[in-house]
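Numbering-wise (the working numbering), the sequence shown opens with residue -8 and increments by one. Backbone N, C-alpha and C define an ideal beta-carbon position, used for all residues, glycine too. Comments concern the structure below.
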Amino acid sequence: MEERVGTSNQQSSVSSSKNPEKLPNGRIWPSKLHISEEVMNNICTKRQRANEMMIQSLDLKTRFEALLDECNIEFVNAKYLQEEYEQRLNAKIKETSALKSQLAEYRAELAMMSNSLSLQHQKEDLSNKELVKERAKICQRDKALSILQAEKGLLEAENKRLQDRLSEREAREEVISLKAIEDFKKSSAYHQEIHNRIQEAHDKIFDTEMRELERQSLEEGFVRGFLKGVRLVRRKINAVVEGLSPSQASEDSPPDLDDDGIKSELRTFYTDDEEDNEII
């Protein structure tokens, strides 16, 4: 408002003054320009205020630049902190995701362990039930065993009593049998029985010896017949026996020929037979 008032006063003063001479270019001569003191004061005041405002503006500009620098620094710090916080946040997110996956694995393992534990508890329950049944069976068997042991004791006592009675009876029977044997030995029937048994033994020995003699006779007859056949064959083929004349070789074996003579003739025959086979 003051500036507007000063300007209006200046315009009125200029207009109220005489029209000064103008330069060829249209400017006014300074020496001929009349400016009032009030206008000059206003102009000085304005300049002073302009200078003050310039100084204030420079100060404000400096402060603003400093503040702007601080803001830039804070912005850079905030940007750095934001990036750092974002990196930390990403790391925390990754760590959280890893922990979540690990937690899921742990939950799965825990579920499996709980299932296995439940199965194990079921097996333990079944085992406990079977154990209770087995214990009941064992108790029943123990009771039955105690009953059997009691019965065994009674049976052993009864067996001992019967054994005693049997031993007494056997002793009495032995005494009676010994007495009967003595009486039998004294009787004639005992002697007749012994004679009959001796006769049976003699008959068995005689039968055995007779069978052996018959077997030997049959063997000797077979050998003598075999030698007779050999002699007939040699007689037909006019074979010469070493150590015998043809007449001796054609004769039958003498009836009193013993075992050694028969063995020598058989040995001679088999020797000649082997030589004939070798020649063939």
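Rounded to whole angstroms, the separation of the alpha carbons of residue 76 and residue 88 is 18 Å. Within the same chain, and ignoring the five residues on either side of residue 168 in sequence, no residue has its Cβ closer than 6 Å to its Cβ. In the three-state reduction of the DSSP assignment, residue 27 falls in the coil class, being assigned neither a helical nor a strand state. Spatial neighbours of residue 166 in its own chain (CB-CB distance under 6 Å, excluding positions within 5 residues in sequence) are not present. Residue 194 and residue 186 have their C-alpha atoms roughly 12 Å apart. When the Cα atoms are used, residue 101 and residue 94 turn out to be separated by approximately 10 Å. The straight-line gap separating the alpha-carbon atoms of residue 64 and residue 54 is approximately 15 Å. Here the alpha carbon of residue 145 sits roughly 10 Å from the alpha carbon of residue 151. Taken in chain order, the whole beta strand (DSSP E) runs of length 3 or more contained in the stretch 45 to 115 number zero.
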